[in-house]
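Have a look at the structure below before the remarks.
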Amino acid sequence: MVSVAHSDPAGRVDEAAASMLEALFTQSPIGLHLFDTNLRVLRVNTATPFMRNASLDDLRGRRVRDVYPLVEEDAEALLREVLDTGIPVRQHMVRAHVEGDEPQERTFEVNALRLEDPHGKVLGVGVSAVDVTERERAHAHTKLLDAVRGDVGRTLDPAVTGEELSATLVPAFADIAVVEVVDSVIRGDDAPLAPLPTGTLVVRTAFRSAHPRPPEAHSVGDVRCLAGPTPFTQALADLRPRLERLGTATPWLAADPALAEAIRSSGAHSLLVVPLTLRDAALGIVSLYRTEDSPAFDEDDRALAVEVATHTALCIDNARRYTHEHTIAATVQRRLLPRRPEAHAWLETAYLSLTGADPGAWYDTTALASARTAIVVGKVAGRGLNAAATMGQLRTAVRSMSAFELTPDELLARLHDTANRLAAERAHLPYGDPLRHEELRADCAYAVHDPLTGVCSMAAAGHLIPLIVRPDGTVSAAAAAGPRLGSSDGTPFAAVEIDAPAGSVLVFTSDPLLTSYLAENPGPLAAPSDYADRPLQDLCDALVYAIPAGMGVHDAAVIVARAQDFPSDRFVAWPIDADPAAVAEARRRTRGQLAEWNVDDETAYDTQLIVSELVTNAIRYGSPPLELRLIHDRSLTCEMRDAGSAAPHLRHAGTVDEGGRGLFITAQLAQAWGTRFTPPAKTIWAEQTLSDANEPKGLP
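Position in the sequence shown counted from 1, then plus 909, gives you my numbering.
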């Protein structure tokens, strides 16, 4: 640059401009570079950091690519475009190696513009460069923290949390990331306080590398004790991060030869070890490596890694708490649910073991009088121990009420009242109790199968509609949806009676989506005849295999039941005249039938007394038509039907009373007795236990 001095005003302006330009090249903190039209160096200022030990004479006349050690950047192409088009480049980021005691990679914000004389002749390119390394690093750290907070901890699974963390850190922050969690934390137990006891097991939950085939000292899922002393054991002892330079002379590598070989093979030269800690407890450890040409970790990286580990530790602890609560809830559920299907002679049942993820789901079967079977499946809204406890309350209520011979719609109405009372109890809990603010809602389906008539009566609360698959392969919904238990909806429940002949398959699930899918895609249900002679559990397995992933089947409780024929020779029914003389005839017929069934004399005598009392009461207080039935199943059942609506009551007759002892005698002789209303009639029944010798042969 030539300095020009004039005595006129224009000359004074030129002199000031030249002085300012000279000051920029000698005093400005911004790097300035002038290139000619061949992109050769004309001049650089003292703030140029690329070649600190080089003079202007060393640089003048050299091409851009020979002077500036840029990283993955074609500077000549960029400047040539500015020369050709005249369009300036603004705020363009480039990376370059800067010489010093230790060569560093720095980031610069570059602006370039074409230089022209007053006549428009192109003179070259002017470039300014500002070192923005620290600013860009701060932006990158903030971006990484935002990514960790947004992507890590989206699930309540410690292993998945580790995978999410490693995916976020590699390759944005490290070339290799390893996450290891204390084994007891994975199982939901409290994290041990630091320092960790000798022999504490850790589980490798995640490993990720920027290398196509990274060497790995230990596989994901391995459970092991950390070799020591190493930076890993030291970090878990005092809960402080460790920043290590790696090399062949690193002394602690001898403690873990497999790790030493993996580090050597990967070319790792820098290690950052950060403990996963929360409230002085050690949950695990994160190990970060940089390899080959990546810069070594520094103190800023250590501070960032600590923030990342703090967030991750909180996510893992939340997952641990969930696992702990879920384990308790699952244990409670297992104790409240039947361990295996209750044996029923004429309705074979099988359960699908798919309730581990939903403590609020339940299923049950109950043997009722007259060879009938009750089936129930339900689901309480919510999760955790509260859902499991409420499920246990409702299941107990259903089992208790089923003994009162209620019809399905009436039983659900009573269960609805019970749920409302439980909800009212929640409303009086302390304000700080979270259960107080959680609504009690439940769905339930209840059915009673009668093998004597081949009819199944059922009702549903909510949308848990059972499916029935008839022997011809047709699949249909078997009940009408009613209001959810615990809701304010007072709509009456509707009972539906459907024909369920032998060979029919009933499917009850606690997930409406699963039921809908099976109804629209019958799959294995469409051919129930294939399972006529095979274990019913095979059908359960076929259902599992047919359900696509993502249906949430592992949150469902499922019961599959298959109806069977009741032998006609084990059931008799006689019409009874409304005449006292019919009592003797009923006793005679009973005696003959019991002899045909080879019932022992003592049981036969007791049965005749029961028949006498039941027939006498029906003639006196009932309404025609009258019918007496005997059912020879695992127990011996006497039923007396009449069209009256009055229910008998057991009472204790006085010493001088001439009557009132009929039901008392019946209750003493029978194992159980009760009244069942089935419009347009009622049935009074009494059940006696049979000895093994009296049980009919060939029961399923």
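Cβ coordinates follow ideal geometry from the N, Cα and C atoms, glycine included.
Since the structure is predicted, the reported quantities are computational estimates derived from the model, not experimental observations.
Ser1532 is the residue among Ser1532, Arg1471, Glu1511 whose C-alpha sits nearest the C-alpha of Pro1484.
By the neighbour-count definition (other C-beta atoms within 10 Å, threshold 16), Thr1051 is an exposed residue. The alpha-carbon separation between Pro1080 and Val1019 amounts to approximately 26 Å. Where Pro1484 is concerned, there is no enclosing alpha helix (DSSP H), although the beta strand (DSSP E) around it starts and stops at 1480–1485. In chain order, Pro1317, Val1357, Ala1404, Glu1406 place their CB closer than 6 Å to the CB of Ser1366, counting only its own chain and leaving out the 5 sequence neighbours on each side. Going by C-alpha positions, Ile1194 is about 12 Å away from Asp1147. A contact between stretches requires three or more CB pairs, one per stretch, nearer than 8 Å, and the segment 1278–1298 meets this requirement with the segment 1464–1475. Counting only runs of 4 or more residues that sit fully inside the segment 1126–1199, the alpha helix (DSSP H) segments are 1140–1147, 1166–1175, in chain order. Out of Ala1312, Ala1278, Ala1386, Thr1221, the CA that lies nearest to the CA of Leu1427 is found in Ala1386. Thr1114 and Leu1344 have their C-alpha atoms spaced approximately 34 Å apart. For Pro1184, the closest C-alpha among the options Asp1026, Ala1136, Gly1269, Gln1143 is that of Gln1143. As DSSP reads the structure, Trp1582 sits in a beta bridge with Ala1595. Around His1127, the same chain offers Arg1113 as residues with beta carbons nearer than 6 Å, after the five sequence neighbours per side are excluded. Of all alpha-carbon atoms in Ser1075, Pro1067, Thr1107, the one lying nearest the alpha-carbon of Val1094 is that of Pro1067.
Counting along the chain, the unbroken alpha helix (DSSP H) around Ser1425 starts and ends at 1421–1429. Excluding five sequence positions before and after Phe1402, the CB atoms of its chain that fall closer than 6 Å to its own CB belong to Asp1318, Leu1321, Ala1322, Ala1368, Gly1391, given in chain order. Under the DSSP assignment, Ala1259 falls in the beta strand (DSSP E) whose first and last residues are 1256–1261. Of the residues Val1384, Ile1377, Ser1396, the one whose Cα lies closest to the Cα of Glu1347 is Ser1396. In the DSSP annotation of this structure, the continuous segment of the alpha helix (DSSP H) that includes Leu988 starts and ends at 984–994. Cβ neighbours of Ala1218 within its own chain (closer than 6 Å, five residues either side excluded): Val1183, Leu1185, Val1195. Here His1178 has Leu1155 as same chain residues with Cβ atoms under 6 Å from its own Cβ, once five neighbours each way along the sequence are excluded. In the DSSP assignment, Lys1288 falls outside any alpha helix (DSSP H) and lies within the beta strand (DSSP E) extending over 1282–1289.
Of Ala1171, Leu1197, Arg1096, Ala1100, the smallest CA-CA separation from Pro1140 is found for Leu1197. If you check the CB distance, Thr1236 and Gly1071 do not come in under 9 Å. In the three-state scheme derived from DSSP, where H, G and I count as helix and E and B as strand, Arg1550 is classed as strand. Around the beta carbon of Arg1044, a 10 Å sphere encloses fewer than 16 other beta carbons of the protein chains shown; the residue is thus reported as exposed. Beta-carbon to beta-carbon, Arg1211 and Pro1150 are separated by about 5 Å, close enough to satisfy the 8 Å threshold. When Ala1312, Gly1399, Leu1054 are compared, the shortest CA-CA separation from Thr1584 is found for Ala1312.
When the beta-carbon positions are compared, Phe1480 and Leu1523 stay at least 9 Å from each other.
The continuous alpha helix (DSSP H) containing Glu1073 extends over residues 1067–1078. Between the alpha carbons of Leu1277 and Arg1543 lies a gap of roughly 12 Å. Annotated as distal: Val1416 and Ala1336, with beta-carbon spacing of 9 Å or more. For Ala1387, the secondary structure class from DSSP, reduced to helix, strand or coil, is coil.
In the assembly as shown, Thr1424 is a buried residue. Its beta-carbon has 16 or more other beta-carbons within 10 Å. Annotation for Glu1025: Val1031, Leu1032 place their beta carbon closer than 7 Å to its own, counting only its chain and skipping 5 residues before and after. Taking a C-beta distance under 9 Å as the contact criterion, Leu1152 and Leu1135 do not qualify as a contact pair.
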